[in-house]
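Be aware that the sequence shown starts at 33, since it is given in this note's numbering, and climbs by one per residue.
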Amino acid sequence: MAIRNIVTDQDPALRKVCRSVLNFDERLAQILDDMADTMYEADGCGLAANQVGILRRYCIVDVGDGLIELINPEIIESSGTQVGEEGCLSFPGEFGVVERPMKVTVKAQDRTGKTFTVTGEGLKARAFCHEIDHLDGIVYKDKLKVNG
Ligand code: NI
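Structure follows, in structure tokens:
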């Protein structure tokens, strides 16, 4: 378990389309554990692998009701809209208004490679969308709503 450095601002890792995870091994487990430590230490509710310099498709989310690890995540269903303030550990101290779906269902794998689906509403849906965007090199600032 260790705190990893979170890349910020203009770091090219934030702009990379990350590659699928193929090996569900000890290294993956180690990085996931480190990411959780790093996210909680920074008081965040989500963190994507490329934010700690790992260009692979996985992220973690915890909006206060437990840690969710999403490996090779895909949004398979979304509905509704919500408009609200969003921040990102890679842009400390900054916030912006972003429109997101109100509810999304994500299909992903767990750290052992087992496939599952998880549905989130409200803040959890927002966090899922934000983190999965990271894996495609997209940050919330690309989606700011002008005039809030
Ligand atoms: Ni972020």
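Cβ atoms here follow ideal geometry from the backbone N, Cα and C, with glycine treated the same way. It should be emphasised that the depicted structure is a prediction, and the values quoted were computed from it without experimental measurement.
So, for I108: in the same chain, excluding its five sequence neighbours on each side, which residues have a beta-carbon less than 6 Å away from its beta-carbon? Within the sequence shown, numbered from 1, the residue matching residue 108 stands at position 76. Only T137 and K139 meet the Cβ criterion.
Taking contact to mean 3 or more Cβ pairs, one atom from each stretch, closer than 8 Å, check whether the segment 57-67 and the segment 118-126 are in contact. no
Sorry if obvious, but does the Cβ on L99 come closer than 7 Å to a heavy atom of the ligand NI? As a first step, residue 99 is located in the sequence shown; it is residue number 67 there, counting from the start. Not under cutoff, so the answer is no.
Here's a check: name, in chain order, each residue in its chain whose Cβ is nearer than 7 Å to the Cβ of G180, leaving out the five neighbours to either side. Indexing the sequence shown from 1 puts residue 180 at position 148. Note that G180 has pLDDT 45, beneath the 50 cutoff, so the model's placement of it is unreliable and the number below is only indicative. The answer, listed in chain order, is V129.
Residues near A45 in its chain [Cβ-Cβ closer than 6 Å; skip 5 each side]: To locate residue 45, count along the sequence shown from 1; it is residue 13. Cβ neighbours of A45 beyond the five flanking positions: V39, N82 and G85.
Under 7 Å: does the beta carbon of C120 sit that close to some heavy atom of the ligand NI? Taking the first residue of the sequence shown as position 1, residue 120 is located at position 88. C120: yes, Cβ under 7 Å from the ligand NI.
Taking G111 as the reference, give the member of I103, C120 and K135 with the closest Cα. Taking the sequence shown and counting its residues from 1, one reaches residue 111 at position 79. Going by the sequence as given, residue 111 is Ser instead of Gly. Taking only the C-alpha atoms, the option nearest S111 is K135.
Can you check the segment 80-119 for any beta strand (DSSP E) of at least 3 residues that lies completely inside it and give the ranges in chain order? 90-93, 100-111 and 114-118
Whose CA, out of D43, G152 and G169, lies closest to the CA of G98? As a working mapping, residue 98 is identified with position 66 in the sequence shown. The residue with the shortest Cα to Cα distance from G98 is G152.
Which same chain residues, not among the five before or five after D168, have their C-beta less than 7 Å away from its C-beta? If you number the sequence shown from 1, residue 168 lands on position 136. So the qualifying residues of the chain are V49.
Select from G154, R132, R89 and L176 the residue whose C-alpha is nearest the C-alpha of V53. Here residue 53 is taken as the residue at index 21 of the sequence shown, counted from 1. Minimum Cα distance to V53 is reached at R89.
Best match in E118, N55, L87 and Q42 for proximity to G76 [C-alpha to C-alpha]: As a working note, residue 76 is residue 44 in the sequence shown. Residue E118 is the option with its Cα nearest to G76.
Spatial distance of F148 from P105 (CA atoms): Sequence index remark: in the sequence shown, residue 148 carries index 116 (1-based). Sequence index remark: in the sequence shown, residue 105 carries index 73 (1-based). F148 and P105: Cα-Cα distance of roughly 10 Å.
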